[in-house]
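Structure record follows, encoded as structure tokens.
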Amino acid sequence: MTANPTKKPIFTARPASPSRLADGVSDAIAAALFDGRISPGEPLPPEGEIAKEFGVSKPIAREALRQLTTAGLIFTQQGKVARAKALSGEPMERIYGYAVRSSLKRLQEANEMRRVIESGIARLAAERRDPSGLEVMKQAIADMRASLHEPAAFTEADILFHLGLALTTGNVMIRVQMEGLRSVQREVSELFSRRANRTDADWRATIDRHQQVYEAIVTGNAALAEEKIKAHFDAADIASLEVADKLADKEA
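Position one of the sequence shown corresponds to residue 572 (the numbering used here), numbered consecutively onward.
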């Protein structure tokens with residue numbers, strides 16, 4: 572990559588199989604992104620330097636960068652070098668969004684997936700109790716209370732709460748997964764807003780369930796945190812079925 576022989580190379584891995592050169596190059600660059608050798612916003616070397624570093628052709632280097640762009644790990648502009656992106660759940664969020672908008676069955680499956688995932692997250696959050704995540708959860712509950720009967724604002728507060736839940740684990744990959752699930756949360760909330768009979772008590776009960784999850788985590792009670800998040804999903808499942816039945820009748 573450089574004429575300076577003392578400079579430490581950014582990429583430490585090398586493609587293992589000649590038949591999958593682009594995959595090997597993209598894996599090595601991704602490793603540099605994940606372990607911090609390339610920071611978000613930092614430019615990657617030009618295609619020619621990448622090709623020289625790995626001993627491959629420019630088209631192979633270009634394909635490796637294309638793979639990383641598709642994965643959401645870098646962004647490119649015409650005529651400019653690629654730059655690293657901050658790790659986020661954006662690619663998964665798009666995929667989940669397409670899925671849950673495709674059919675009620677996919678939406679119900681996504682809810683089931685959230686229940687499985689977030690039960691474990693709540694338990695780990697209670698064990699770790701990262702202060703930054705706890706603060707986000709606390710703020711989200713305050714935002715919920717301030718946005719009663721305002722579906723759009725309430726939805727954003729709800730999404731923020733679950734992001735805070737992930738942040739409280741201190742686990743970057745869990746945070747990314749929760750970001751990916753935002754499209755599922757948003758779709759569910761929009762369905763709930765179609766419920767003409769959603770009362771003030773229903774809104775407040777939703778807030779109370781979030782408050783109970785938060786309190787269990789703050790006190791470090793992992794079993795209770797898992798129990799409360801499951802109770803939250805039980806209540807959400809009842810509402811989901813109510814909405815789903817109405818929508819299914821319209822589709823029939």
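Quick reminder that beta carbons are idealized off the backbone N, C-alpha and C, glycines included.
Candidates the options: which alpha carbon is nearest residue i's?
i      : options                           : result
Lys656 : Ala670, Val671 and Leu639         : Leu639
Asn742 : Gly612, Leu675, Thr647 and Ile692 : Ile692
Ala697 : Gln756, Glu786 and Leu752         : Glu786
Ile726 : Met749, Arg746, Gln756 and Glu706 : The amino acid occupying residue 726 in the given sequence is Thr; Ile does not appear at that position. When only C-alpha atoms are compared, the closest one is Gln756.
Phe732 : Arg686, Ile621, Glu721 and Met715 : Met715
Thr770 : Ala653, Tyr669, Asn792 and Pro722 : Pro722
Ile666 : Gln783, Lys801, Arg654 and Gly751 : Gly751
Ala601 : Arg746, Ser628, Leu762 and Arg654 : Arg654
Thr739 : Ala802, Ser760, Asp701 and Met749 : Asp701
Val759 : Phe625, Glu618 and Asp729         : Asp729
Leu592 : Leu636, Asn682 and Leu604         : Leu636
Leu604 : Leu658, Pro662 and Ala717         : Leu658
Taking 6 angstroms as the cut-off, is the C-beta of residue i nearer than that to any heavy atom in the ligand FMN?
i      : result
His720 : Absence of the ligand FMN is noted for the structure shown, with no ligands found whatsoever.
Report the three-state DSSP secondary structure of residue i (helix, strand or coil).
i      : result
Arg654 : strand
Ile645 : strand
Pro614 : strand
Val627 : coil
Lys740 : Lys is not the amino acid found at residue 740; the sequence shown has Thr there. Looking at Thr740 - three-state DSSP - the assignment turns out to be coil, as it is neither helix nor strand.
Ala587 : No answer about Ala587 holds up, because its pLDDT of 49 lies below 50 and its placement is not dependable.
Glu721 : coil
Asn682 : helix
His803 : helix
Ser760 : helix
Ser674 : coil
Leu857 : Nothing about residue 857 can be read from this structure; the chain reaches only from 572 to 823.
Asp729 : helix
Leu752 : coil
Ala574 : For Ala574, the predicted structure reports a pLDDT of 48, less than 50, and the residue's modelled location is therefore unreliable. A value from the coordinates is still provided. In the structure shown, Ala574 sits in coil (DSSP, three-state: anything other than H, G, I, E or B).
Ser659 : coil
Ile621 : helix
Determine the burial state of residue i: buried for a count of at least 16 other Cβ atoms within 10 Å of its Cβ, exposed for fewer.
i      : result
Glu797 : buried
Ser754 : buried
Ala632 : buried
Leu719 : exposed
Ser597 : buried
Lys651 : exposed
Met684 : exposed
Gly607 : exposed
Lys629 : exposed
Arg746 : buried
Phe804 : buried
Val825 : In the structure displayed, the chain extends from 572 to 823; residue 825 sits before or after that span and is not available.
Three-pair Cβ contact test at 8 angstroms for the segment 702-720 versus the segment 669-683: Touching, no.
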